[in-house]
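Heads up, the final residue of the sequence shown is numbered 370 in our numbering, and it's a clean run with no missing numbers.
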Amino acid sequence: MTLAQHLLELRKRLMIAAIALVVGMVIAFIITGPVIELLTEPIRMVADRRGDQLAQLNFDTVTAPFDMRMRIAFAIGLLLSAPVWLWQVWAFLMPGLTRKEVRYTIGFVSAAVPLFFAGTVVGWIVLPHMVEIMATFAPEGTAQFYTASYYYDFVFKLLLVVGVSFVLPVFLVALNLAGVMSGRGILKGWRAAVLIATLFAAVATPAADVVSMLMLAGILIVLFFAAAGVSMLFDRRKRKREGDLLPPETGA
């Protein structure tokens, strides 16, 4: 294909992806009410614990309620339309990939997507504990009003960061397959990995929420060792394959 044909193909793929995103956002906008109910459940838990209504979601501008629904619709619409736009990206790139690269890409996507969603589930489990524990630092007689835009950003970034952190072991395996790092080399860095996982968990969770920090750090450490184990398995298969390709020794 010429450059002009590539650009036309790219425009076509982008148009299909954009239409799918808009359709996903329309569907998602309809269900933003129940989603907001789920997002604000930790706030209601804080209100119940305090025994009053001084813990509420606060919309500080005229357009804030609509803005929040649109941002939620975009995030959910992106997920709903993911099969379409991922396929468009894949269909655009696949003709330029070798058979081996296609196989590796399918394997990475198959591992990364479930891990990302598993990370968001863990983030969602941690979220109520974080909100509750932080609310305990509010003095008696004060009101706990959560600005809608800030609260949504907090929840969205938490889920995104924890989800991405769960995908990092896949990149370690990718570096191993690319020949950048060996499985033993990855495993030798376990002390640094444990330290980084602990520091990340400490930053991603409130300082007072030790249980959530240990849970998140423990999962990340297990994923690191799993990536090291898979990389060592790949190294072993590679050595065996290279040994089979060596010519047999001839006698004197």
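Heads up, the beta-carbon is just placed ideally off N, CA and C, and yes, glycines get one too.
Practice task
Look at residue 193 and residue 150 and say whether their C-beta atoms are less than 7 Å apart.
Solution key: Counted from its first residue, the sequence shown places residue 193 at position 75. Counted from its first residue, the sequence shown places residue 150 at position 32. The Cβ-Cβ distance between residue 193 and residue 150 does not fall below 7 Å.
Handout entry: Nearest neighbour of residue 272, chosen from 140, 153, 157 and 237 [CA to CA]
Key = Looking up residue 272 in the sequence shown gives position 154. Minimum Cα distance to residue 272 is reached at 157.
Exercise for the section: Measure from the C-beta of residue 208 to each C-beta in chain C and report whether the shortest distance is under 7 Å. Expected result: The structure shown has no chain C; it contains just one protein chain.
Problem - Residues bridged to residue 265 (per DSSP) - result: As a first step, residue 265 is located in the sequence shown; it is residue number 147 there, counting from the start. DSSP output for residue 265 lists 176 as bridge partner(s).
Exercise for the section: Figure out for me which residue from 357, 146, 344 and 144 has the closest Cα to the Cα of residue 291. Expected result: Start at 1 with the first residue of the sequence shown, and residue 291 comes out as number 173. With distances taken between Cα atoms, residue 291 lies closest to 344.
Problem - residue 225 - DSSP class collapsed to helix/strand/coil - result: Counting from one through the sequence shown, the residue named residue 225 turns up at place 107. Per DSSP, reduced to three states, the secondary structure at residue 225 is helical.
Exercise for the section: Give, in chain order, every unbroken run of the alpha helix (DSSP H) that is at least 4 residues long and sits entirely within the segment 126 to 164. Expected result: DSSP runs (the alpha helix (DSSP H)) wholly in the segment 126 to 164: 150 to 157.
Practice task
Within its chain, find whatever has a CB closer than 6 Å to the CB of residue 293; leave out the 5 residues flanking it on each side and keep chain order.
Solution key: As a position in the sequence shown, residue 293 is number 175, starting the count at 1. These residues qualify, in order along the chain: 299.
Exercise for the section: Could you tell me whether the segment 239 to 248 touches the segment 159 to 167, using the rule of 3 or more Cβ pairs below 8 Å? Expected result: Flag = yes, the segment 239 to 248 and the segment 159 to 167 touch.
Problem - Cβ-based burial, residue 164 [other Cβ within 10 Å; buried from 16] - result: Position 46 of the sequence shown, counted from the first residue, corresponds to residue 164. So residue 164 counts as buried.
Handout entry: Segment contact, 8 Å Cβ cut-off, at least three pairs: the segment 345 to 352 with the segment 299 to 310
Key = Of all C-beta pairs linking the segment 345 to 352 to the segment 299 to 310, three or more are shorter than 8 Å, placing the two stretches in contact.
Exercise for the section: Can you give me the start and stop residues for the alpha helix (DSSP H) that residue 303 sits inside? Expected result: Start at 1 with the first residue of the sequence shown, and residue 303 comes out as number 185. Start and end: 301 to 306.
Exercise for the section: Within the same chain, show all residues whose beta-carbon is closer than 7 Å to that of residue 238, passing over the 5 residues directly before and after it, in chain order. Expected result: Numbered from 1 along the sequence shown, position 120 holds the residue referred to as residue 238. Excluding residues within five positions, the ones whose Cβ falls inside 7 Å are 277, 280 and 281.
Problem - Distance between residue 350 and residue 289 (C-alpha atoms, nearest Å) - result: Counting from one through the sequence shown, the residue named residue 289 turns up at place 171. Counting from one through the sequence shown, the residue named residue 350 turns up at place 232. Taking the straight line joining both Cα atoms gives about 15 Å.
Handout entry: Bounding residues of the alpha helix (DSSP H) (the contiguous stretch that carries residue 195)
Key = Locating residue 195 in the sequence shown gives position 77, counting from the first residue. Secondary structure note for residue 195: its alpha helix (DSSP H) is the uninterrupted segment 182 to 198.
Problem - Cut-off 8 Å between Cβ atoms - residues of its own chain near residue 132, not counting five sequence neighbours on either side - result: As a working mapping, residue 132 is identified with position 14 in the sequence shown. Excluding sequence neighbours, residue 132 sits near 206.
Handout entry: Contact set for residue 371: own chain, Cβ-Cβ below 8 Å, skip 5 residues either direction
Key = Lying before the first or after the last residue shown, residue 371 is absent from the chain, which here runs from 119 to 370.
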